[in-house]
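First up is the structure itself, then whatever we jot down about it.
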Ligand SMILES: [Zn+2]
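Residue numbers (the numbering used here): 3 to 396.
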């Protein structure tokens, strides 16, 4: 798979050539990069009735995996002093109300500095205009105070009735979730991503992965986030901070976002509008893990993109390993062609239905390119597999 992304052209390309936009040698693309999150067309189709026709085809898994659901009540020892603090470690994600450790920093929506996908208010408007009524006046594109829904399409009627009030049992969620969708955010930072998704577009995502490797979880994984249209009911989504991939000979923001520093290496130069001060790591100075602009093909068209940061890969590997451990039906693998290489095209609907594992947004929709040609799938999947218990790997 990596041969596509490591062409001799790219390895030999000079920064000067790239910086002046002379991207010779690439085919004229027909597919536009993702425009700031899911496109408006997808929004209306995202959350219809609880049972949507698109995703109802996803049958509940026939053979239920053996899962032991923690029972909080059963573990309360006698004599616990009321008011005892339960210490968290700062690396937990929340799955149906249960906390699972990832081994990498996670900021939950309830944490200081977190992004709360449950809130009706806008996060980045003026405080006096943040309420829902003012938000709709300012932004008529907002259709619902809720930016997420229920994973109804993959449940029986009885199960839907049981969880509609909010509480899921872990085993049911483990049965229905079997895909992890990778996006890039075209926003560059998680703060800007949340502003666009939540405040401006009325959408949601379970995780955001900032340039410094901080994972933000914005809603419990029991919720149906609105990030991947027909795949929402069975999937978990992550928006990875990256300004995106672009076709050749087209205006792009890459020069604004990346520059050679005094050491000759490529550094991130986050513009003011993307809230560089929001990056959580103190005095963070980010670099794409590979200095050169990457070139690769998605659905047969060429795109250019800077790679993700070392910190993002490290965090994504641990999160992927966590999810593949917590969700037995989520295989630690990506879509492969007959030769076992990464598929760089969109799956047919039948292939998508049969697939259980990690996939890119472009695997779902022909009009998407994310997470882009720079994504090193083997780095992520190989790294995650190395962290899994042996029994979890086929
Ligand atoms: Zn996407």
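C-beta: ideal position from N, C-alpha, C; glycine also.
**Message:** Given the structure, does residue 185 come close to ligand 1, in the sense that its CB is under 7 angstroms from one of the ligand's heavy atoms?
**Reply:** Yes.
**Prompt:** Distance, Cα to Cα, residue 274 vs residue 212?
**Reply:** 16 angstroms
**Message:** Please report the distance separating the alpha-carbon of residue 105 from that of residue 94.
**Reply:** 8 angstroms
**Message:** Starting from residue 196, trace the alpha helix (DSSP H) in both directions and tell me its first and last residue.
**Reply:** 192–196
**Prompt:** From 82, 223 and 215, pick the residue whose C-alpha is nearest to that of residue 152; which is it?
**Reply:** Ranking 82, 223 and 215 by Cα distance to residue 152 puts 223 first.
**Asked** Alpha carbon to alpha carbon, how far is residue 361 from residue 252?
**Response** 27 angstroms
**Asked** Helix, strand or coil: how does DSSP classify residue 17 here?
**Response** Any reading at residue 17 is ruled out, since the residue's pLDDT is 36, under 50, leaving its predicted position unreliable.
**Message:** With three or more beta-carbon pairs closer than 8 angstroms as the criterion, would you say the region 259–268 touches the region 284–292?
**Reply:** yes
**alpha helix (DSSP H) segment containing residue 387, residue limits** = Unbroken alpha helix (DSSP H) run through residue 387: 379–387.
**Message:** Taking 8 angstroms as the threshold (C-beta atoms), are residue 116 and residue 109 in contact?
**Reply:** yes
**Prompt:** How about residue 185 and residue 372: do their beta carbons lie closer than 8 angstroms?
**Reply:** yes
**Request:** Alpha carbon to alpha carbon, how far is residue 174 from residue 160? Give it in angstroms, no decimals.
**Result:** 12 angstroms
**Item:** Helix, strand or coil at residue 334 according to DSSP, with G and I counted as helix
**Value:** coil
**Asked** In whole angstroms, what is the alpha-carbon distance linking residue 302 and residue 375?
**Response** 11 angstroms
**Prompt:** Identify the residues that DSSP records as bridge partners of residue 305: which are they?
**Reply:** Secondary-structure assignment with DSSP links residue 305 through a beta bridge to 298.
**Integer-rounded CB distance, given that residue 137 should sit under 8 angstroms from residue 121** = About 11 angstroms; that fails the 8 angstroms criterion.
**Request:** Check whether the Cβ atoms of residue 181 and residue 233 sit closer than 8 angstroms, and answer yes or no.
**Result:** If you check the CB distance, residue 181 and residue 233 come in under 8 angstroms.
**Request:** Taking only heavy atoms of ligand 1 into account, decide whether any of them is closer than 7 angstroms to the Cβ of residue 372.
**Result:** yes
**Prompt:** On the three-pair Cβ rule with 8 angstroms, is the region 324–342 touching the region 352–360?
**Reply:** yes
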